[in-house]
Amino acid sequence: MDAQATEGLLRFFRNIQDPRADNARHEMGDVITIAILAVICGAQSRAAVEARGRGNRVWLGTFLDLPHDIPSHDTFDRVFGLLDPLAFERCFTAWTAALVAGAKGLFVAADGKTPRRGWKRAWSKTPVHRVGAFASKNRVVLGQVATDAKSNEITAIPRLLAMLDWADAAVTIDAMGCQREIAGQIIGQGAHYVLALKDNQPTPHAKVRGLPDEAILDEFRGMRHGYHEEADASHGRVETRRARVTDEVHWLGAELLAPWPGLAGVAVVESRRQDLGDLSGKVTLERRYFITSHAGTEAARVAAAVRGHWGVENGLHWCLDVQMNEDRCRVRVGNGTENFSRLRRIALNKLKRWEIRKESGKVMQAGLRLKQQACGWSRNFLPEALLA
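For the sequence shown, the residue numbers in numbering that gives the first Met the number 0 are 0 to 387.
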């Protein structure tokens, strides 16, 4: 059971090139296996990875070779510091592709994150910014790349896109990634885009904003459009979201349409919020504007894509920062920051899919941290998480 559970995951990482010399004392597969299992159980440092391994030496020996016992924390530090992040990422994306195989019409959010203590060099205190892809409906991290030195997300997003299979997906990116080249790459890979447009591109933003704003005043009379509305009440407020999409983009003019590959629609998402504790009855109204390659007037689909994009904050960033303490991680040697971050995303993908079930078969309500603790407490739970 234990060997079967680890085999399903680690076969994707078995062929990764060992960055050490040929006479390495510890096998690469053993190092990666111990690290992944430890992080799933809540390890947050290389010393914790070693301690977890030593505490389970006999059990690990039933399915790992361990020719020279458990590696030291320095070995884990050196291996992940030397390991090529792109090679590790290719293995990671192959594994995540298998997780979502057969899923159609994915909503994928591409967004950036910077761990506060994940410095490339301890003396420079320069954090490594990373761009990740998150399938919001499936709650799976699909991939991640680090931005180049003295660069930003605009250069990292194309590299991330090139690594993944986006066929039939709806890719959402915030205003930083709203670029013609990125839009063209998404279309070229057989996907659709929903790109946020803000004041960082004043001329396109003014034109795109003007079209739906004027149409709303006239209630879209005489203009082909789609409409979708949803509301929810939580955290002491009521929020109503209205999405309107029109495919009559010819009103934008040829000079704006020509540079944007596949541009087929303009969307405006209006959020109306009312604080239930505010006796004055004050209501706040916010409009966000998007361009999309979706043909027709599929307002519900565009609304779901936009909603899913902001779900990356709770479904990914919050989990990593608050429940897995990524911001406090001090692994910094070489590529260690980026590679250890990828270990957390492997653990996150597995733990999100796993449900703790009672003897009655009912699902136990459990957060990410409790699931990590449960895997550390019970060897029955850990294989279940790995097979999820």
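Yeah, the Cβ is synthetic: ideal placement off N, Cα and C, and Gly gets one too.
Within 8 Å, strictly: CB atoms of residue i and residue j
i: V311; j: I290; result: no
i: C328; j: L367; result: no
i: A4; j: P382; result: yes
i: G388; j: P84; result: An answer regarding residue 388 cannot be provided, because it is not within the stretch 0 to 387 covered by the chain.
i: L385; j: G7; result: yes
i: A190; j: A242; result: no
i: L141; j: T92; result: yes
i: I181; j: I172; result: yes
i: E88; j: R341; result: yes
i: G348; j: V139; result: Note on identity: in this sequence residue 348 is Asn, with Gly being the wrong assignment. Closer than 8 Å, so yes.
i: L275; j: V332; result: no
i: N137; j: L105; result: yes
i: A96; j: V170; result: no
i: D246; j: T202; result: no
i: V193; j: A294; result: no
i: N313; j: G80; result: no
i: A47; j: A37; result: yes
i: F11; j: W94; result: yes
i: Y288; j: R158; result: no
Whole-angstrom C-beta distance between residue j and residue i, which should lie under 8 Å
i: I355; j: A346; result: Actually they do not touch by this definition, with Cβ atoms about 15 Å apart.
i: S270; j: R240; result: 5 Å
i: K206; j: A174; result: About 15 Å separates the two Cβ atoms, so there is no contact after all.
i: Q451; j: V282; result: Nothing can be reported for residue 451, as the shown portion of the chain is limited to 0 through 387.
i: L444; j: V248; result: Residue 444 is absent from the model: the chain starts at 0 and stops at 387.
i: M222; j: A214; result: 5 Å
i: L163; j: A132; result: 6 Å
i: V107; j: A168; result: 5 Å
i: C40; j: C374; result: 5 Å
Beta bridge counterpart(s) of residue i as assigned by DSSP
i: R300; result: R300 is not bridged to any residue.
i: A195; result: F289
i: F133; result: A108 and V140
i: H224; result: T245
i: P211; result: Looking at the DSSP assignment, P211 forms no beta bridge with any residue, so it has no partner.
i: D68; result: P66
i: L269; result: Checking the sequence shown, residue 269 turns out to be Glu, not Leu. For E269, which the question treats as bridged, DSSP gives the partners R241 and R286.
i: I172; result: A109 and L194
i: R356; result: V362
i: E229; result: R240
i: A37; result: A37 is not bridged to any residue.
i: D274; result: R236
i: G264; result: T291
i: A145; result: R129
Burial state of residue i (16 or more Cβ within 10 Å)
i: H234; result: exposed
i: N390; result: Lying before the first or after the last residue shown, residue 390 is absent from the chain, which here runs from 0 to 387.
i: E285; result: exposed
i: K357; result: exposed
i: T74; result: buried
i: W122; result: Bear in mind that a pLDDT of 48 at W122, under 50, signals an unreliable position, so the number given afterwards is only what the model happens to contain. Looking at its Cβ environment, which holds fewer than 16 other Cβ atoms inside 10 Å, W122 is exposed.
i: K361; result: exposed
i: N338; result: buried
i: W376; result: exposed
i: Q371; result: buried
i: T336; result: buried
i: A195; result: buried
i: R45; result: buried
i: T146; result: buried
i: P211; result: buried
i: A253; result: exposed
i: Q16; result: exposed
i: A100; result: exposed
i: D76; result: buried
i: Q200; result: exposed
i: Y226; result: exposed
i: S292; result: buried
i: L82; result: buried
i: S279; result: exposed
i: S135; result: buried
i: M323; result: buried
Residue-chain proximity (residue i, chain C), Cβ-Cβ < 8 Å
i: A97; result: No chain C appears in the structure shown, which is made up of a single protein chain.
Distance cut-off 7 Å: residue i Cβ against heavy atoms of the ligand MG
i: F79; result: Looking at this structure, you won't find the ligand MG or any other ligand, since it has none at all.
Any contact of the stretch 338-352 with the stretch 53-62, i.e. 3+ C-beta pairs under 8 Å? no
Could you say if the stretch 30-37 and the stretch 61-74 meet the contact criterion of at least three C-beta pairs nearer than 8 Å? yes
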